[in-house]
Amino acid sequence: MKILNDFIAGVNQALFPNQATPQQLNQTRQLLSEQTQNCHQPFGRTVYNINGSMGTHGADIPSWKARQYAQDSTDVENGLRSNTSAFARSSVGWAQIGDPAGTIMNFGGALLAGAIDGTNYTTGNILRMEKLV
């Protein structure tokens, strides 16, 4: 039951910012926000939005995970990693520390991103995407 409650609370915090008494982003979340604010790919945009929402609830993020999110977002923007693999890597990271919401939400992100990445390859859009290198 605790896992289900943790999952529901995590999803709620990720999707719905705290409107009643929003908290300032802590230092780790602020740095992650700054590093992902200009992302154009689905992975980086999602990280930016969920990071901001979680931060309004005062939820912490391990610094290693924030660094991984920032690096993966940069790699996706630069065409060095797909959105799908970035979400999958993140899902594995959350699973390793026993966070059900992070694990499941990022796994779902990988499934959705797979469709987006596949479409970009099929249509040739992957060749026209702006590189930030």
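Quick note: the sequence shown uses the working numbering, first residue 1, plus one each step. For each residue, glycine too, the CB sits at the ideal point set by N, CA and C. What you are looking at is a predicted structure, and each value in this text was computed from that prediction instead of being measured.
- Can you check whether the CB of Ser33 is closer than 9 Å to the CB of Gly55? yes
- Item | Whole-number beta carbon distance between Ala59 and Gln13, since they are thought to touch under 8 Å | 6 Å
- Task: Would you mind reading off the limits of the alpha helix (DSSP H) that contains Asn106?
- Result: 100–123
- Task: Have a look at Gln19, Ile61, Asn5 and flag the residue whose alpha-carbon is nearest the alpha-carbon of Leu97.
- Result: Looking at the sequence itself, residue 97 is Ile, so the reference to Leu does not match. The shortest Cα separation from Ile97 among Gln19, Ile61, Asn5 belongs to Ile61.
- Message: When you compare the region 35–53 with the region 81–90, are there three or more beta-carbon pairs, one atom per stretch, that lie closer than 8 Å?
- Response: yes
- Item | Closest by C-alpha distance to Tyr121, when choosing among Thr36, Gly79, Lys65, Ser63 | Gly79
- Item | Simplified DSSP state of Asp6, which is helix, strand or coil | helix
- Compute the beta-carbon to beta-carbon distance between His57 and Asn18, rounded to the nearest angstrom, for a pair I have assumed lies under 8 Å. 5 Å
- Note down the Cα distance separating Phe16 from Lys2, rounded to an integer number of angstroms. 21 Å
- Grouping DSSP H, G and I as helix and E and B as strand, with all else coil, what is Thr21? coil
- Message: How far does the alpha helix (DSSP H) with Asp72 in it extend, from its first residue to its last?
- Response: 63–77
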